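Visitor:
Protein chains: 4
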Amino acid sequence: MFVLVNLKAYPCDPVAVAQAADRVTTEHDVAIAPQTAHIGAVAETGVETWAQHVSPVGHGSHTGSTLAEATADAGAAGTLLNHSEKRLKLADIDASLDAAERTGLSTVVCANNPDQIAAVAALGPDAVAVEPPELIGTGTPVSQADPDIVRDAVAAANEVDPEVDVYCGAGISTGDDVAAAAELGADGVLLASGVAKADDPQAALESLVE
Amino acid sequence: MFVLVNLKAYPCDPVAVAQAADRVTTEHDVAIAPQTAHIGAVAETGVETWAQHVSPVGHGSHTGSTLAEATADAGAAGTLLNHSEKRLKLADIDASLDAAERTGLSTVVCANNPDQIAAVAALGPDAVAVEPPELIGTGTPVSQADPDIVRDAVAAANEVDPEVDVYCGAGISTGDDVAAAAELGADGVLLASGVAKADDPQAALESLVE
Amino acid sequence: MFVLVNLKAYPCDPVAVAQAADRVTTEHDVAIAPQTAHIGAVAETGVETWAQHVSPVGHGSHTGSTLAEATADAGAAGTLLNHSEKRLKLADIDASLDAAERTGLSTVVCANNPDQIAAVAALGPDAVAVEPPELIGTGTPVSQADPDIVRDAVAAANEVDPEVDVYCGAGISTGDDVAAAAELGADGVLLASGVAKADDPQAALESLVE
Amino acid sequence: MFVLVNLKAYPCDPVAVAQAADRVTTEHDVAIAPQTAHIGAVAETGVETWAQHVSPVGHGSHTGSTLAEATADAGAAGTLLNHSEKRLKLADIDASLDAAERTGLSTVVCANNPDQIAAVAALGPDAVAVEPPELIGTGTPVSQADPDIVRDAVAAANEVDPEVDVYCGAGISTGDDVAAAAELGADGVLLASGVAKADDPQAALESLVE
C-alpha cells in the first residue's frame, strides 16, 4: 500500500513528520506532501516527498505559479492534483498531468465520486484517489462510512484503464483503516490530519502502518 | 531604490541569479523572487528573498495553498501580491495582506492603473506597484512609454496614504530606466525577463544598478 | 433610501415579487435584482430591474459571459458587483465598472469591511455596499449587530469620494432596520431572503418601506 | 445533424438571428445559444434555444449565478458546458450536468482533445463536443485542419459510452463543412462567428444547411 500524508497548511513541523516517517519501519511506501516552500527541507530527510499541487503551465511568464520543474528540482517525486481543496478545471488537470509527466513526477488525481474517477482515469494519471468531501477530516474512515464508493471507484478506474492505481482517502487514521481500504481494492491511502495534527506523529504513523 | 527581480517561471538557475545579485555592489536594495519551491535555496545565499504570491488563508485544511507562514519559514522576507499574471479577488488581496503582516512579510501589491493603485493603497500594504500589462516583457521601459502612468500612480497612492511606497515595472532593464523611474517619483522597480532571461544575469544586474 | 432586493437563486416567482414591489406605495426607490434569465420578464412589470453581476468583458468571443450590453438591452438599469457570493478580481471590478458605465447601468460594488469599501470607492462606482459576510441571511440587521461597520464604511467612502453613495446589507427585514441604516449614514439597503423567501413578499415589502 | 449556433457576446441581434434560423427550411435541427439575458426573447421566436452555460448550483444564496432552473424557465432547452471560453472545474462540470438534468436541459460538454472527450463522456452528458481551441474563429474547419481529432473524439466517446453524441466545432461555416463533419462520424456541429458575425445571418445559415 502507498500511504501519502498530506500536510496541507497545518501548523506542524514538516521535517519532524518526515523524520518520523523515516524511522517507522514498514512494508508500505510512505510519502509526505508538505507546503511547496518546504519541499526542499523535507526531501533532504530522505523521505519520499510530494507536492500538493503543480500548475498546468511550463517555463515562462507565470508569476505565482507552482512550476512542476521547480518542485522536482527541489526534490519532489510526485504530486497530488485536483484535491477537493484545490479543484482544477478539467483542461488544467490535463495540462498539469502533462507538466508532471514532463518532469518525472508521479501523479495522483483526486475526485469526489466514481463518475469523476472514471473521468480523471481517462486522462492517464499514475493513480486516482476517491475522497468523499463530506468525510474529510471527520475521523470516520471512508472504508467504513461508505465502502461502496471505494469499490465503485476501483471498478470505474479499472474499466477505463487497469494500469491506473486507485487510492482512497478521508477519515483514515489506523492500521485497520488501511487494511480495510486494501480489502476494498485500493492500492493506497491518502491521509492528513490523522498524522499532521497528531500530538505524536511518529506514534500515529506507527499505528497506521502496523 | 528597491529593485525586485521576479524570476516568474523562467528556466534560469535561481541560486546563480541570487549569487550574482549578492556579488553586485550597489546602493540599491536588490531582492530576488523565485518559485516558492526555491525560496529556501535562494535565501541560503544571503540575498533578500521574496515570494511571488501568498494565499489568503492561514493554518488549516488548505491543500495546494501557498501559506505565508511556510514561505517566511523557508526564508522569504516579503511577497508580491496581485501580479498581472496572478490577479486576485479584492477580498483575497485584503486577506493575503493580513497573512503577510501576521508573518512579518513585506508586501508589494501590483495594479494596472492609477485607480487600482488607489484601491490597493487603501488596503494598507507596504508598497504598491504599477505595471501596465501591455508593456510587460516588451523591453520598452514604462518610464519612457508611459511616464504619466507612473506620476499618476505616485500621486494616487500618496493621496490615499503617503506611507505607502510606489514602485513601477514593465520593460525595465538598464540603470537609466531605474534613474528615470526615480525621477518620476518611484521608490523602486520590478523587473523580470531583463535579468532572468539574460545570458549573463550578473552583467544585467550590474548594468541595472550602476 | 434605495432598497435593492437581491433575489439570488431563490425559488421565488421573480415577476410576482416585482409586481408586489410595484404595488407597494413608498417614498423609497425599490429595485429588484433577479436571475439574468429573468431580467426581461421582471423589467416588463415596470419595476426598476438590476443585474446581480456583469462580466468585465465587452462584445466578442466570450461564451458564458454576462454581457453588460445584453442585461441593459433586456431592461436592467443597474448592476451589483463583487457580492460576497460572487467575489471578483480587483482588475475585473474595474473592468466591469467600465462595462456598466459604457452601457448606462448604475453600479453598486459590495465589500466586506471599511478598508475594502475605501478600495472600491476609489474605482468610481455610483455606490458601494458594506455587507459583513457573517451576518448575511442571519436575520440580525447589520445596523444593530455592528453599527460601527456601517459608520466606518460611510466615513471611508466619503474620504475617498463624497459622491459615492453608501449602502449597507445583511439581516435587514423591517422598516426599523431601514431607518436605523439611514441614521447611521447609509443611502440605501440591500436585502434578499427577507423578501425573496417570505411567504408574502408584498407584506414583507410593506413592512420594510413603511 | 444538430447545428448549434453560439452567439457568444457578439454584437448581433439575437432575435433576428433566431427568426432567420426559423425561416431556413432544413433537415437539420438548428438551435441558437444567446446571452442568458436574451434567452426569453429568443425562445419566443419558436426556435430551439440553448444556454451558453449554467452554474453548478441549485436554488439558494448564489448571487450572480446562472441557475439552470431560471434558464429553463425562460425557455432554454439545453446548455453548453465547459466551452473553451468558459472552462469549468471537473467537479463543477459534474454538478452542472446534475443541474441540467434536474431541469430537463439537454447538455453538450466541450473539450479540447480526445482524452478530455473520454473524461467528460464518463460524466454522462447527452453529447460532447471537440473544439481545438487553436482553430476557433479561424475560418478553417476542424474537419479539414485536423480530421483525426474528430475521428479520435468519436472513437473515445464511443468507447466510454456509445449513447453519447459527438459534435465538433471550430471553423465551420459551410454546408460542405457540415457534411465533412458527418462523414467523420460527428452527430452535430457547433458554430459561432460564421453566423453571428455574418452580414446576412440567414444567408449564412442557408449556406450551412443546404
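Each protein sequence line maps, in turn, to chains A, B, C and D.
So in UniProt numbering, spot 36 of the first sequence is number 36, and the numbers just go up one at a time.
So in UniProt numbering, spot 137 of the second sequence is number 137, and the numbers just go up one at a time.
So in UniProt numbering, spot 70 of the third sequence is number 70, and the numbers just go up one at a time.
So in UniProt numbering, spot 128 of the fourth sequence is number 128, and the numbers just go up one at a time.
C-beta: ideal position from N, C-alpha, C; glycine also.
Just so it is clear, the structure is predicted and the values come from calculations on it, not from any experiment.
Between the Cα of residue 100/D and the Cα atoms of 38/D, 55/D, 10/D and 122/D, which residue gives the shortest distance?
Guide: In the fourth sequence, residue 100/D corresponds to position 100, counting from 1. Closest by alpha carbon: 55/D.
Visitor: Since residue 39/A is in the alpha helix (DSSP H), which residue starts that stretch and which ends it?
Guide: Residue numbering aside, residue 39/A sits at position 39 when the first sequence is read from its first letter. Looking at the DSSP string, the run of the alpha helix (DSSP H) that includes residue 39/A is 39-43.
Visitor: If we cut at 8 Å on Cβ distances, does residue 87/C have a partner in chain B?
Guide: As a position in the third sequence, residue 87/C is number 87, starting the count at 1. True, the Cβ-Cβ gap to chain B drops below 8 Å.
Visitor: Less than 8 Å between CB atoms is the rule here; does residue 65/C satisfy it with respect to chain D?
Guide: As a position in the third sequence, residue 65/C is number 65, starting the count at 1. Output row for residue 65/C: interface = yes.
Visitor: Please confirm whether residue 112/B and residue 63/A have their CB atoms less than 8 Å apart.
Guide: For the purposes of this step, residue 112/B is taken as the residue at position 112 of the second sequence. For the purposes of this step, residue 63/A is taken as the residue at position 63 of the first sequence. No, the Cβ-Cβ distance between residue 112/B and residue 63/A is not below 8 Å.
Visitor: Just to confirm the assignment: which complete beta strand (DSSP E) runs, minimum length 3, are found wholly within the stretch 98-161 of chain A?
Guide: Segments of the beta strand (DSSP E) lying fully in the stretch 98-161 of chain A: 106-111 and 127-130.
Visitor: Kindly indicate the opening and closing residues of the alpha helix (DSSP H) around residue 176/C.
Guide: Taking the first residue of the third sequence as position 1, residue 176/C is located at position 176. Note, residue 176/C: alpha helix (DSSP H), 175-183.
Visitor: State buried or exposed for residue 107/D, treating a residue as buried only when at least 16 other CB atoms are found within 10 Å of its CB.
Guide: Translated into the one-based positions of the fourth sequence, residue 107/D becomes position 107. It counts as buried.
Visitor: With DSSP as the reference, label residue 93/C as helix, strand or coil.
Guide: One-based indexing of the third sequence puts residue 93/C at position 93. In this structure, residue 93/C counts as helix in the three-state DSSP scheme.
Visitor: If you draw a straight line from the alpha carbon of residue 212/A to that of residue 151/A, how long is it in whole angstroms?
Guide: Lying before the first or after the last residue shown, residue 212/A is absent from chain A, which here runs from 1 to 210.
Visitor: Report the CB separation of residue 117/D from residue 157/D in whole angstroms; it is logged as a contact under 8 Å.
Guide: As a working note, residue 117/D is residue 117 in the fourth sequence. As a working note, residue 157/D is residue 157 in the fourth sequence. Going by Cβ atoms, the distance from residue 117/D to residue 157/D rounds to 5 Å, so yes, they are a contact pair.
Visitor: Quick one, are the C-beta atoms of residue 21/B and residue 191/B less than 8 Å apart?
Guide: Here residue 21/B refers to the residue found at position 21 of the second sequence. Here residue 191/B refers to the residue found at position 191 of the second sequence. No.
Visitor: When you compare only the Cα positions, how much space is there between residue 66/D and residue 120/A?
Guide: For the purposes of this step, residue 66/D is identified with residue 66 of the fourth sequence, where counting begins at 1. For the purposes of this step, residue 120/A is identified with residue 120 of the first sequence, where counting begins at 1. Rounded to whole angstroms, residue 66/D to residue 120/A spans 26 Å at the Cα level.
Visitor: When you check each C-beta in the stretch 26-57 of chain A against every C-beta of chain B, which residues fall closer than 7 Å?
Guide: From the stretch 26-57 of chain A, only 35, 36, 37, 38, 39, 40, 41, 52, 53 and 57 have a Cβ closer than 7 Å to chain B.
Visitor: Could you name the residues of the stretch 117-131 of chain C whose beta carbon sits closer than 9 Å to any beta carbon of chain B, in the order they occur along the chain?
Guide: Under the 9 Å Cβ criterion, the stretch 117-131 of chain C contributes 117, 118, 119, 120, 121, 122, 123 and 124.
Visitor: Looking at residue 149/D and residue 114/D, is the spacing between their C-beta atoms short of 8 Å?
Guide: Within the fourth sequence, residue 114/D is the residue found at index 114, counting from 1. Within the fourth sequence, residue 149/D is the residue found at index 149, counting from 1. A contact, by the Cβ cut-off of 8 Å.
Visitor: Starting from residue 285/D, find everything on chain A with Cβ-Cβ shorter than 8 Å and list it in chain order.
Guide: Absent from the model: residue 285/D. The displayed extent of chain D is 1 to 210, so no value can be given.
Visitor: If you check the beta carbons only, do residue 89/D and residue 8/A fall under 8 Å apart?
Guide: Position 89 of the fourth sequence, counted from the first residue, corresponds to residue 89/D. Position 8 of the first sequence, counted from the first residue, corresponds to residue 8/A. For residue 89/D and residue 8/A, no; Cβs fall outside 8 Å.
Visitor: When DSSP labels each residue in this structure, what does residue 88/D get in the three-state scheme?
Guide: Residue mapping note: residue 88/D aligns to position 88 of the fourth sequence, counting from 1. In this structure, residue 88/D counts as coil in the three-state DSSP scheme.
Visitor: Can you pull the chain A residues whose beta carbon is under 7 Å from the beta carbon of residue 74/B, in chain order?
Guide: Within the second sequence, the letter at position 74 stands for residue 74/B. Those within 7 Å of residue 74/B in chain A are 37 and 38.
Visitor: Output the distance between the C-alpha atoms of residue 10/B and residue 129/B, rounded to the nearest integer angstrom.
Guide: As a working note, residue 10/B is residue 10 in the second sequence. As a working note, residue 129/B is residue 129 in the second sequence. Going from the Cα of residue 10/B to the Cα of residue 129/B covers about 21 Å.
Visitor: What are the boundary residues of the alpha helix (DSSP H) that residue 204/C is part of?
Guide: By one-based count along the third sequence, residue 204/C stands at place 204. Residues 201-209.
Visitor: Can you look up residue 166/B in the DSSP assignment and give me helix, strand or coil?
Guide: To locate residue 166/B, count along the second sequence from 1; it is residue 166. Strand.
Visitor: For residue 13/A, which of helix, strand or coil comes out of DSSP?
Guide: Position 13 of the first sequence, counted from the start, is the residue given in the question as residue 13/A. Residue 13/A falls in the coil class under three-state DSSP.
Visitor: Taking the continuous beta strand (DSSP E) assigned at residue 187/C, which residues delimit it?
Guide: Numbered from its first residue, the third sequence carries residue 187/C at position 187. Premise fails: residue 187/C is in no beta strand (DSSP E) and is neither H nor E.
Visitor: What first and last residue would you give for the beta strand (DSSP E) that runs through residue 3/D?
Guide: Locating residue 3/D in the fourth sequence gives position 3, counting from the first residue. 2-6 is the span of the beta strand (DSSP E), which, as asked, contains residue 3/D.
Visitor: What residues are listed by DSSP as bridge partners for residue 30/C?
Guide: Stepping through the third sequence from its first residue, residue 30/C is reached at position 30. Beta-bridge pairing links residue 30/C to 3/C.
Visitor: In this structure, does DSSP put residue 198/D in helix, strand or coil?
Guide: Counting from one through the fourth sequence, the residue named residue 198/D turns up at place 198. In this structure, residue 198/D counts as coil in the three-state DSSP scheme.
Visitor: Which value, in whole angstroms, describes the spacing of the CA atoms of residue 76/B and residue 82/C?
Guide: The residue you call residue 76/B lines up with position 76 of the second sequence. The residue you call residue 82/C lines up with position 82 of the third sequence. Going from the Cα of residue 76/B to the Cα of residue 82/C covers about 32 Å.
Visitor: DSSP three-state call for residue 51/A: helix, strand or coil?
Guide: For the purposes of this step, residue 51/A is taken as the residue at position 51 of the first sequence. Note: residue 51/A maps to strand in three-state DSSP.
Visitor: Can you grab the Cα-Cα spacing for the pair residue 71/B / residue 80/C, in whole Å?
Guide: On the second sequence, position 71 is the one that residue 71/B refers to. On the third sequence, position 80 is the one that residue 80/C refers to. Between residue 71/B and residue 80/C, the C-alpha separation is close to 36 Å.
Visitor: Drop a sphere of 10 angstroms on the beta-carbon of residue 27/A, count the other beta-carbons inside from all chains shown, and report buried for 16 or more, exposed for fewer.
Guide: In the first sequence, counting from the first residue as 1, residue 27/A sits at position 27. Looking at its Cβ environment, which holds fewer than 16 other Cβ atoms inside 10 Å, residue 27/A is exposed.
Visitor: Note down the Cα distance separating residue 16/B from residue 24/B, rounded to an integer number of angstroms.
Guide: Along the second sequence, one-based indexing puts residue 16/B at 16. Along the second sequence, one-based indexing puts residue 24/B at 24. Going by the C-alpha atoms only, they are around 12 Å apart.
Visitor: Can you pull the chain C residues whose beta carbon is under 9 Å from the beta carbon of residue 143/D, in chain order?
Guide: In the fourth sequence, the residue the question calls residue 143/D occupies position 143. The premise fails here: residue 143/D is roughly 20 Å from chain C at the closest Cβ pair, so nothing lies under 9 Å.
Visitor: Would you identify the three-state DSSP class for residue 36/C, choosing helix, strand or coil?
Guide: Here residue 36/C is taken as the residue at index 36 of the third sequence, counted from 1. Helix.
Visitor: Which two residues bound the contiguous beta strand (DSSP E) that contains residue 79/A?
Guide: Working through the first sequence from its first residue, we reach residue 79/A at position 79. Residues 78-81.
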